[in-house]
Structure formats: C-alpha cells, structure tokens
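The structure under discussion appears below in the form of structure tokens.
Residue numbers (our numbering), protein chains in the order written: chain A, 368 to 623; chain B, 7 to 275.
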C-alpha cells in the first residue's frame with residue numbers, strides 16, 4: 368500500500384472578494400520510506416498540499432488517501448514539522464518532547480521511554496532538563512523532530528524546517544535530520560524554497576507550476592545511498608539538476 | 007547544581023550589585039523619612055497650617071485613638087470586605103466570560119462593540135442607577151466595584167488568550183488537540199503572566215471601586231470616613247484614612263506579588 372495517494376485533486380479557496388484556484392489536477396503517489404520534495408515559486412500551493420495530507424483542509428474535488436484512509440486531524444498518520452520549532456517556552460525539553468504524546472493521550476511510560484531513547488540516540492539527553500531558550504536554533508529544531516517522532520508517525524511532513532536557521536546550521540541539521548529519517552525508516556515530504564536542499568535529501572523532486580499549482584515536472588534522483596546530503600551537494604549531478612529545476616521555476620515565475 | 011569557584015572579578019561584581027541594591031533601598035527609606043520629618047516640622051512650627059495639612063504626629067494620634075475605640079478595625083474591615091468581594095467576583099466572572107468568548111469567535115465578534123462601549127463608559131455615571139436597583143447599601147458598593155473591575159478583566163484576559171502564537175495552536179491541532187486541551191496546555195500557561203498582571207491591576211481597581219461606591223452611598227468604611235472628614239473639615243481624619251488605605255492596598259498588592267512568585271516557581275520560569 369502506498370503511504371500517500373492523491374488522485375485528480377483540485378482545490379479552490381473561497382474568500383469574500385474572489386475565489387482562488389490553488390491546486391489543479393494533482394496526481395501523486397508516495398511509497399513507503401520515500402523522501403519526496405516539493406519545490407515551486409512562492410504561493411504555488413506547496414504548503415497547501417501538506418495541509419491536505421494532514422486533513423487540515425478538505426479538497427474541493429478529487430481524493431487524498433493516507434495509508435489508504437481519508438486523513439482527519441483527530442487520527443492521522445502524519446508528524447508535522449514547521450519552519451519554527453514551536454517548542455513551548457515554559458516547558459523543559461523533556462516535557463516538550465512529551466507534548467504530542469500528552470495531547471494524544473499516549474503518554475504511557477513505555478512511549479515516554481521510547482521517546483527518551485530517541486533523545487539519547489541523537490545526542491539530546493544532556494538538554495532534557497533545560498528550557499528551549501537555553502538551546503541553539505539547530506538544537507531546538509532537533510528537539511522538534513524528536514517530539515514529532517515520539518508519536519511514531521508513518522509520514523513526516525517537513526514544511527521548510529531549515530529556513531529559519533543560519534546557513535552553517537542548516538547544512539549540519541540537513542545531514543542530521545536526513546540521517547534520523549533514514550535510520551528510523553520514515554517516509555517524508557519536504558516543502559522548500561531551496562532547490563539545493565531538495566536535491567541533497569530527496570529520492571524524488573516535484574516541481575509545481577505557478578498558481579494554480581499543477582505538477583510541472585517530476586525528477587527521480589539516483590544518488591548512491593551512502594552519500595550524505597552534504598556530499599550530494601558537491602556532486603556534478605546535483606549541479607546539473609539544480610540548473611534544470613532553477614530554469615523550470617524561473618519560467619514559471621515569468622508567467623505570474 | 008554544583009558550586010563553582012568564580013574569579014575575583016565575579017565576587018567584585020556581586021558585591022557591587024548588592025551594594026547598589028542596598029543603596030536603592032536606603033535612599034527609598036531616606037526619602038520617606040525626610041518627607042515625614044519635613045511635614046512634621048513645617049506643621050509644628052505653623053509654617054504650613056496644621057489645620058489644613060495635619061501632621062504625621064496627629065495622624066498617628068488619630069490612628070491610635072481610632073484603634074482603641076475599634077473604629078479603625080471596623081471601618082477598614084468594611085472597606086476590605088467590599089474590596090475583596092468585588093475583586094473576587096469580578097475577577098472570577100471576568101475570567102469565565104473571557105474563556106467563553108475565547109471559545110466562540112462568533113460570540114466574540116458579537117460582544118465586541120458592547121465591551122468597547124462599556125469599557126469607555128465612566129462607571130461612576132451608573133451610580134444613580136445602581137443605587138436605585140440595589141439600594142443604598144453595601145450591595146450597591148460591591149456592584150460598583152464589580153463594574154469597574156470586570157470589563158477591564160474581560161478585555162485584558164481575552165486579549166491575552168487570543169494573542170497566543172497561531173503557530174503553536176497549529177502545532178497542537180496537527181497533533182490532534184481538542185479545544186479544551188489547547189486551552190489547558192497552551193493558552194493558560196501562555197497567559198499566566200498576563201493573568202497575574204491583570205490581578206495586580208484588579209487590586210488597584212477594586213479599591214477604586216469600593217471607595218467610589220462608599221462615596222456614593224455608605225454609612226461606614228474608609229471612603230465614608232474620607233467624605234465625612236472632608237465635610238466636617240477634619241483633615242486629621244482624612245489624612246489618617248488615606249494612610250490606612252495606602253497600607254492596606256500595599257498589603258494586598260504584596261499578596262498578589264507573592265502569588266506571582268509562587269506561580270513562576272510552579273511553571274519553572
């Protein structure tokens with residue numbers, strides 16, 4: 368079974384002044400343990416696709432299936448990671464990691480221990496008793512990922528999770544998060560503006576057109592699996608692909 | 007936590023820091039002492055009229071006489087009671103209303119113009135209506151107090167509830183949180199600081215409410231003493247009541263400040 372199946376999806380936003388076609392005729396299937404990136408000009412509906420997959424909004428027509436079911440907020444298979452870490456400033460790192468478990472009433476001892484295992488595994492255990500304000504941006508984003516993973520989601524939705532960080536941290540965190548996602552064998556969808564970032568992490572890259580968002584191109588990447596994102600960036604193949612996708616997005620921008 | 011050894015510069019810094027704190031406190035006391043002494047001397051040598059300005063010694067004398075006759079406790083306790091009841095009811099209801107309005111965006115939009123008008127209305131203007139509806143007694147005073155406190159409470163707390171970071175709410179929703187969970191785990195801890203500062207404001211406002219109410223209708227209480235003293239030109243009584251008010255209001259403020267510290271401890275930061 369595919370993790371995500373989107374069939375003939377259309378989405379029209381309603382507002383008092385007008386109606387906006389946000390997405391048109393999207394067809395997309397994502398398999399288990401695949402890493403898919405969505406790039407495109409701003410306002411093309413990248414984040415909207417994530418919202419549809421979590422069940423935050425419903426499609427105007429067409430179908431979205433996650434693990435073969437229509438997604439809803441109460442019970443979905445997704446873990447969402449935002450641009451900002453959104454850690455609660457009044458909770459310690461440990462309590463922040465349990466936040467999702469508490470909300471879903473899953474905060475059993477066993478689940479909590481599993482979450483703590485993750486923090487040990489990925490080098491966060493020394494920060495457990497600290498508050499978010501005492502951590503660097505990169506660390507905080509790692510905590511946010513662990514909080515998401517604590518819920519053992521089938522599918523990770525990454526909504527520009529690196530864009531609020533400085534360049535150095537971004538590259539570092541890219542490697543780390545890629546490693547965590549691969550080790551935990553998760554399926555992931557990354558939405559980003561950064562073409563290089565998409566190339567460095569993905570198995571497939573989907574290029575959306577300007578609004579209304581349509582799938583303009585799909586690139587399947589075949590890097591050797593032992594390359595880290597950082598190493599991928601340096602390859603000739605990555606540079607060529609960058610030029611191709613860059614051109615595709617530029618052409619779209621001209622249409623606006 | 008481990009005790010660390012610090013450099014000499016650090017101890018020097020600490021010493022300067024505590025020295026500064028002490029000197030601020032001493033200066034504060036000094037200012038008060040100079041003010042009282044000056045007041046006392048000026049009125050004793052009749053440079054200012056002791057009839058119009060009273061004097062610290064006369065205030066102490068009046069206060070001790072009032073204490074002996076039981077008047078001080080009697081009037082203070084009446085005003086305290088009104089203030090406290092007004093404070094508690096207004097804060098409680100205000101909080102509940104703010105919660106309901108937070109829950110429903112529809113109700114919030116409906117109530118908005120009413121709240122704005124009620125907020126800008128000087129509550130004292132409702133005095134005559136309150137007296138007619140609730141009688142010229144303590145009930146009217148408490149109602150006046152509630153009216154003055156409640157609108158500000160609703161507006162402040164609602165404002166704080168709705169100012170919670172939208173992204174945090176989006177996160178909680180993506181984790182499947184229901185409305186009550188969002189309130190308990192996000193909104194409330196996020197608003198804690200604002201709630202405490204609202205309590206602080208409310209302490210002051212409920213004193214205003216109680217005294218204003220007593221100006222309107224009372225037969226007892228500190229506000230009554232102030233009005234009565236003014237009417238019979240007994241400035242000693244007026245000054246003494248004012249000082250007592252100052253002391254009581256400070257005590258109540260300190261209690262809220264202690265509560266704030268406790269809360270901060272509870273929430274770690």
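Even for Gly, the Cβ is constructed at its ideal location relative to N, Cα and C.
Supposed contact pair residue j and residue i - C-beta distance, whole angstroms, cut 8 Å
i, j, result
"residue 223 of chain B", "residue 232 of chain B", "Their Cβ separation, rounded to whole angstroms, is 14 Å, which puts residue 223 of chain B and residue 232 of chain B out of contact at 8 Å."
"residue 113 of chain B", "residue 121 of chain B", "Rounded, the Cβ-Cβ distance is 11 Å, inconsistent with contact."
"residue 562 of chain A", "residue 613 of chain A", "6 Å"
"residue 229 of chain B", "residue 68 of chain B", "The pair is not a contact, with the Cβ atoms about 17 Å apart (cut-off 8 Å)."
"residue 182 of chain B", "residue 471 of chain A", "6 Å"
"residue 532 of chain A", "residue 513 of chain A", "The Cβ separation is near 17 Å, so there is no contact."
Alpha-carbon spacing of residue i relative to residue j, whole angstroms
i, j, result
"residue 550 of chain A", "residue 591 of chain A", "16 Å"
"residue 225 of chain B", "residue 241 of chain B", "19 Å"
"residue 31 of chain B", "residue 258 of chain B", "21 Å"
"residue 432 of chain A", "residue 89 of chain B", "60 Å"
"residue 27 of chain B", "residue 39 of chain B", "19 Å"
"residue 135 of chain B", "residue 23 of chain B", "55 Å"
"residue 421 of chain A", "residue 405 of chain A", "16 Å"
"residue 473 of chain A", "residue 605 of chain A", "42 Å"
"residue 138 of chain B", "residue 50 of chain B", "47 Å"
"residue 430 of chain A", "residue 607 of chain A", "35 Å"
"residue 275 of chain B", "residue 416 of chain A", "With a pLDDT of 47 at residue 275 of chain B, under the threshold of 50, the predicted position of this residue should be treated as unreliable, though the coordinate-derived value follows. Residue 275 of chain B and residue 416 of chain A: Cα-Cα distance of roughly 38 Å."
"residue 504 of chain A", "residue 603 of chain A", "31 Å"
"residue 99 of chain B", "residue 270 of chain B", "24 Å"
"residue 497 of chain A", "residue 510 of chain A", "12 Å"
"residue 237 of chain B", "residue 263 of chain B", "36 Å"
"residue 7 of chain B", "residue 115 of chain B", "In this prediction, residue 7 of chain B has a pLDDT of 47, which is less than 50 and means its spatial position is unreliable; what the coordinates show is noted afterwards. Roughly 51 Å between the two C-alpha positions."
"residue 75 of chain B", "residue 246 of chain B", "15 Å"
"residue 615 of chain A", "residue 582 of chain A", "11 Å"
"residue 202 of chain B", "residue 196 of chain B", "12 Å"
"residue 64 of chain B", "residue 80 of chain B", "20 Å"
"residue 586 of chain A", "residue 444 of chain A", "26 Å"
"residue 437 of chain A", "residue 170 of chain B", "30 Å"
"residue 144 of chain B", "residue 153 of chain B", "14 Å"
"residue 21 of chain B", "residue 14 of chain B", "11 Å"
"residue 516 of chain A", "residue 552 of chain A", "11 Å"
"residue 529 of chain A", "residue 260 of chain B", "46 Å"
"residue 272 of chain B", "residue 479 of chain A", "22 Å"
"residue 48 of chain B", "residue 239 of chain B", "20 Å"
"residue 382 of chain A", "residue 393 of chain A", "22 Å"
"residue 611 of chain A", "residue 455 of chain A", "41 Å"
"residue 534 of chain A", "residue 17 of chain B", "39 Å"
"residue 73 of chain B", "residue 66 of chain B", "10 Å"
Short Cβ contact (7 Å threshold) for residue i with residue j
i, j, result
"residue 599 of chain A", "residue 567 of chain A", "yes"
"residue 227 of chain B", "residue 220 of chain B", "yes"
"residue 163 of chain B", "residue 93 of chain B", "no"
"residue 124 of chain B", "residue 157 of chain B", "yes"
"residue 391 of chain A", "residue 372 of chain A", "no"
"residue 149 of chain B", "residue 208 of chain B", "no"
"residue 62 of chain B", "residue 42 of chain B", "yes"
"residue 401 of chain A", "residue 570 of chain A", "yes"
"residue 495 of chain A", "residue 461 of chain A", "yes"
"residue 388 of chain A", "residue 579 of chain A", "yes"
"residue 414 of chain A", "residue 558 of chain A", "yes"
"residue 507 of chain A", "residue 520 of chain A", "no"
"residue 249 of chain B", "residue 160 of chain B", "no"
"residue 174 of chain B", "residue 453 of chain A", "yes"
"residue 622 of chain A", "residue 577 of chain A", "yes"
"residue 151 of chain B", "residue 82 of chain B", "no"
"residue 192 of chain B", "residue 178 of chain B", "yes"
"residue 218 of chain B", "residue 91 of chain B", "no"
"residue 370 of chain A", "residue 595 of chain A", "no"
Any non-hydrogen atom of the ligand SAH within 6 Å of residue i CB
i, result
"residue 250 of chain B", "In terms of ligand content, the structure shown is empty, and the ligand SAH therefore cannot be addressed."
message = What are the residues in the stretch 164 to 184 of chain B lying within 9 Å of chain A by C-beta distance?
response = 171, 173, 174, 176, 177, 178, 179, 180, 181, 182, 183 and 184
inquiry  = So, does the stretch 368 to 383 of chain A touch the stretch 426 to 441 of chain A, judging by three or more C-beta pairs under 8 Å?
reply    = yes
At least 3 beta-carbon pairs within less than 8 Å: the stretch 454 to 467 of chain A vs the stretch 539 to 548 of chain A = In short, these stretches do not touch, since the Cβ pair count stays below three.
query = Going along the stretch 425 to 451 of chain A in order, which residues come within less than 8 Å of chain B, judged by CB to CB distance?
reply = 440, 441, 442, 443, 445, 447, 449 and 451
Near-chain B residues of the stretch 459 to 482 of chain A - C-beta to any C-beta below 8 Å = 459, 466, 467, 469, 470 and 471
message = Does the stretch 401 to 418 of chain A come into contact with the stretch 472 to 490 of chain A, if we say contact requires no fewer than three beta-carbon pairs (one atom in each stretch) closer than 8 Å?
response = no
Cβ pair count under 8 Å reaching 3, the stretch 439 to 451 of chain A against the stretch 518 to 529 of chain A = Touching, per the Cβ criterion.
inquiry  = Three or more C-beta pairs under 8 Å: does that hold for the stretch 166 to 174 of chain B against the stretch 254 to 270 of chain B?
reply    = These segments do not touch.
ask   = Using 8 Å as the Cβ pair cut-off and three pairs as the minimum, do the stretch 179 to 191 of chain B and the stretch 49 to 56 of chain B touch?
value = With contact defined as three or more Cβ pairs closer than 8 Å, the stretch 179 to 191 of chain B and the stretch 49 to 56 of chain B are not in contact.
request  = Could you name the residues of the stretch 585 to 613 of chain A whose beta carbon sits closer than 9 Å to any beta carbon of chain B, in the order they occur along the chain?
outcome  = Hits within the stretch: zero.
Interface residues of the stretch 494 to 513 of chain A facing chain B [CB-CB below 7 Å] = 498
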